[in-house]
DNA sequence: ATTGGCGGCTAAATCGTTTTAGATATTTAC
DNA sequence: GTAAATATCTAAAACGATTTAGCCGCCAAT
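Written out as structure tokens, the structure reads:
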């Protein structure tokens, strides 16, 4: 019942704790401990089922073999995928992951950072909701291993792994333009200063602007997203002021838009086109299938992870505020295709 | 830079560590510490930004304010939702969550349990992939706070929060029967002994059995799910041996089935009906919308959490192996409706 | 015979808390 | 005026590991 400690093993074998510790940590060779003693210790370790108490180890070494992951909502498919892939990378190197969701609250984000640090996590991967990240900057300056993922700060030197959101927005806009859409609306998120969101919108709007088309941008608060999107369409239908295309800046907004269209009997893409950022598993077989920007999630994770590793092991290779920006991929599907009048649309 | 410790504060104020500790932990009153001293200490705590080192605290108290969550795959929408809701419940009470995905590997599950215990987690919520959970039983017997969620062991007394999977399977089968389907196939998961899966299948099969109809059950290995489902339909199409209805036992299988049908130009529900266990956000607005069983995720989490709390605080109220089984809800939608020949099906 | 080096091991300090068992001074009781 | 009670506060021992500094015996070299 009671866990067996280093001391227990030392007593059983009749050696010092030091010896046992060295053997268990594989440092026997380096400290000239005889193979015989080594074997005796390992035998006892196995026999009594000894496992080092990580807490004690952390206290002593200041390392915990734990990484923190902070995102806005771990139940969002995108962040859940990040979590899983990061977990696997971490596992490979003997780390575990402790997670926290902020619901875009800066206060909670700061609290989580503080708590994770007090837990001696060896590093934190963060998708920040902040606007002026002075605390983050200080944290990095102080040498704490921190990597931003998905969202970064263009003017603040913090190692980051992000995708090229601006180009993503541009690709979607250009595609809509090519398809002949001229009256687009962007459904975006509050807070709107978040880099990923802002850049997607910026890229999208700029392309239409170049074509002398003004784009309306609606910022939807994070927490009442589904209702607000439905309200948006209710209003627009009532005002007979419907856009001919919608750009949903993330997967939640895309899903909410599809739901709203269903409720209002708006047919995609006949009545309105839909494009969005992020992939969801059903986008490629839904009817209609959904035009979207695919993010290289696996690469995002492995880059973020190696940036973090670089800081933890302090190999000095990485520049202080390196931002790795990865390309995205436009997947053209049915939801943004101008079609004649084919209600029972089927893919070829 | 360097974190400020209890000792630092004690020295600054000119009192003992004990005093500071008591004040910080709000035990000043109980130990008769004067209000004046109390204020001085708190002032210093704030001034120097002191935060207790959780690691040291854990080592001393044996509690870590951390809970472990172990599931098969945190990126699965169902488990991601569980994680988020549990995280929120935990946060309320000052806990953080450390997570682990097993990919249904019993070995990894056991390793994670061991690791989490070495990290002094105060309790673990587990969706187990085991068949003979002797270790789990011993863990619970030893007094370690462990709660099973989603999957349980009918013959082993471990506190559990699950839904009534059997009834869920029955409801789906009865519905299909009523709709006139007579040739169903179950797409299930390997390992098939997992209680949730087994009971869903059992309920489903038994209803058809009562109607003298044999149900074929296909167990798909967890890791190559998408391809295997597609292969299943390829084979059946080739053999001209198509079922008239498919029961997908979880959300992954439902999605894989939809994808396979799309690839093979199989039209749901005209060519084949689809019902499944689990809700996904798009099930109620997809075309067709998908008949499914909704699990009471929020209740599942709050029950699991309070079972765990009960064990942690050891209030002795809970019976040793209490299994809480919650009802599920059948949501009949378009994917299982016998319709005439309406390709361009639309909801009313 | 002293010195130095080395192989094999250990005692004790340390990490930052919590908690136990008092210490000290001041009141109160009688 | 002494003993007991009370009000504040503290020293020191944990918790279970890691790590520093160094002990002890033996051999080789000078």
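Protein chains in written order, with the working numbering: chain A, 1 to 348; chain B, 1 to 348.
Quick reminder that beta carbons are idealized off the backbone N, C-alpha and C, glycines included.
What did DSSP end up calling residue i once you bin it into helix, strand or coil?
{"i": "residue 80 of chain B", "result": "helix"}
{"i": "residue 170 of chain B", "result": "helix"}
{"i": "residue 45 of chain B", "result": "helix"}
{"i": "residue 138 of chain A", "result": "helix"}
{"i": "residue 59 of chain B", "result": "helix"}
{"i": "residue 158 of chain B", "result": "coil"}
{"i": "residue 323 of chain A", "result": "strand"}
{"i": "residue 200 of chain A", "result": "helix"}
{"i": "residue 28 of chain A", "result": "coil"}
{"i": "residue 5 of chain B", "result": "coil"}
{"i": "residue 14 of chain B", "result": "coil"}
{"i": "residue 258 of chain B", "result": "helix"}
{"i": "residue 88 of chain A", "result": "helix"}
{"i": "residue 109 of chain A", "result": "helix"}
{"i": "residue 119 of chain A", "result": "coil"}
{"i": "residue 21 of chain B", "result": "helix"}
{"i": "residue 132 of chain B", "result": "coil"}
{"i": "residue 287 of chain A", "result": "coil"}
{"i": "residue 280 of chain B", "result": "coil"}
{"i": "residue 337 of chain B", "result": "coil"}
{"i": "residue 180 of chain B", "result": "coil"}
{"i": "residue 265 of chain A", "result": "coil"}
{"i": "residue 34 of chain B", "result": "coil"}
{"i": "residue 240 of chain A", "result": "coil"}
{"i": "residue 153 of chain A", "result": "coil"}
In this structure, what does DSSP give as the bridge partners for residue i?
{"i": "residue 246 of chain A", "result": "A:185, A:274"}
{"i": "residue 212 of chain B", "result": "DSSP lists no partner for residue 212 of chain B."}
{"i": "residue 294 of chain A", "result": "A:329"}
{"i": "residue 221 of chain A", "result": "A:190"}
{"i": "residue 143 of chain A", "result": "Answer is none; residue 143 of chain A lacks a bridge partner."}
{"i": "residue 72 of chain B", "result": "DSSP lists no partner for residue 72 of chain B."}
{"i": "residue 96 of chain A", "result": "A:66"}
{"i": "residue 148 of chain A", "result": "A:126, A:160"}
{"i": "residue 101 of chain B", "result": "B:71"}
Can you tell which of the options has the C-alpha that lies nearest to the C-alpha of residue i?
{"i": "residue 8 of chain B", "options": "B:30, B:46, B:32", "result": "B:46"}
{"i": "residue 138 of chain A", "options": "B:136, B:270, B:2", "result": "B:2"}
{"i": "residue 125 of chain B", "options": "B:91, B:154, B:153, B:160", "result": "B:160"}
{"i": "residue 212 of chain A", "options": "A:249, A:259, A:173", "result": "A:173"}
{"i": "residue 169 of chain B", "options": "B:107, B:299, B:249", "result": "B:249"}
{"i": "residue 106 of chain B", "options": "B:127, B:50, B:337, B:320", "result": "B:127"}
{"i": "residue 222 of chain B", "options": "B:23, B:252, B:176, B:336", "result": "B:252"}
{"i": "residue 195 of chain B", "options": "B:57, B:323, B:30", "result": "B:323"}
{"i": "residue 41 of chain A", "options": "A:166, A:32, A:58, A:23", "result": "A:23"}
{"i": "residue 331 of chain A", "options": "A:278, A:65, A:197", "result": "A:278"}
{"i": "residue 298 of chain A", "options": "A:87, A:144, A:61", "result": "A:87"}
{"i": "residue 178 of chain A", "options": "A:336, A:6, A:13, A:17", "result": "A:336"}
{"i": "residue 66 of chain A", "options": "A:82, A:304, A:72, A:90", "result": "A:90"}
{"i": "residue 283 of chain B", "options": "B:308, B:237, B:334, B:162", "result": "B:334"}
{"i": "residue 100 of chain A", "options": "B:189, B:83, B:146", "result": "B:83"}
Report, in whole angstroms, the separation of the C-beta atoms of residue i and residue j, which I expect to be a contact under 8 Å.
{"i": "residue 70 of chain B", "j": "residue 104 of chain B", "result": "Not quite, the Cβ-Cβ distance comes to about 11 Å (not below 8 Å), so this is no contact."}
{"i": "residue 63 of chain A", "j": "residue 150 of chain A", "result": "Contact doesn't hold; Cβ gap of about 26 Å is too wide."}
{"i": "residue 164 of chain A", "j": "residue 326 of chain A", "result": "7 Å"}
{"i": "residue 183 of chain A", "j": "residue 243 of chain A", "result": "5 Å"}
{"i": "residue 281 of chain A", "j": "residue 291 of chain B", "result": "That pair is no contact at about 19 Å."}
{"i": "residue 176 of chain B", "j": "residue 245 of chain B", "result": "5 Å"}
{"i": "residue 37 of chain A", "j": "residue 15 of chain A", "result": "7 Å"}
{"i": "residue 180 of chain A", "j": "residue 116 of chain A", "result": "That pair is no contact at about 50 Å."}
{"i": "residue 220 of chain B", "j": "residue 187 of chain B", "result": "6 Å"}
{"i": "residue 58 of chain B", "j": "residue 55 of chain A", "result": "5 Å"}
{"i": "residue 79 of chain A", "j": "residue 131 of chain A", "result": "Wrong, their Cβ atoms sit about 20 Å apart, outside the cutoff."}
{"i": "residue 237 of chain A", "j": "residue 285 of chain B", "result": "The Cβ separation is near 17 Å, so there is no contact."}
Problem - Contact set between the segment 254 to 273 of chain B and chain A, restricted to residues whose Cβ is under 7 Å from the partner - result: Taking 7 Å as the Cβ-Cβ cut-off, the segment 254 to 273 of chain B approaches chain A at 255, 258, 259, 262, given in chain order.
Practice task
Pull out every residue of the segment 109 to 122 of chain B whose Cβ sits closer than 7 Å to any Cβ of chain A, in chain order.
Solution key: So the list reads 114, 115, 118, 119, 120, given in the order they occur along the chain.
Exercise for the section: Identify each residue in the segment 268 to 302 of chain A for which the Cβ-Cβ distance to at least one residue of chain B is less than 9 Å, and report them in chain order. Expected result: So the close ones are 280, 281, 282, 284, 285, 286, 287, 288, 289.
Problem - Interfacial residues, the segment 53 to 67 of chain A to chain B, with Cβ spacing under 8 Å - result: Shown in chain order are the members of the segment 53 to 67 of chain A whose Cβ falls below 8 Å from a Cβ of chain B: 53, 54, 55, 56, 58, 59, 64, 66.
Exercise for the section: Using a Cβ-Cβ cut-off of less than 7 Å, list which residues of the segment 77 to 91 of chain B approach chain A; keep chain order. Expected result: Of all residues in the segment 77 to 91 of chain B, 77, 80, 81, 83, 84, 87 have a Cβ within less than 7 Å of some Cβ in chain A.
Handout entry: Cβ-based contacts, 7 Å cut-off: residues of the segment 224 to 237 of chain B near chain A
Key = So the list is empty, because no residue satisfies the distance condition.
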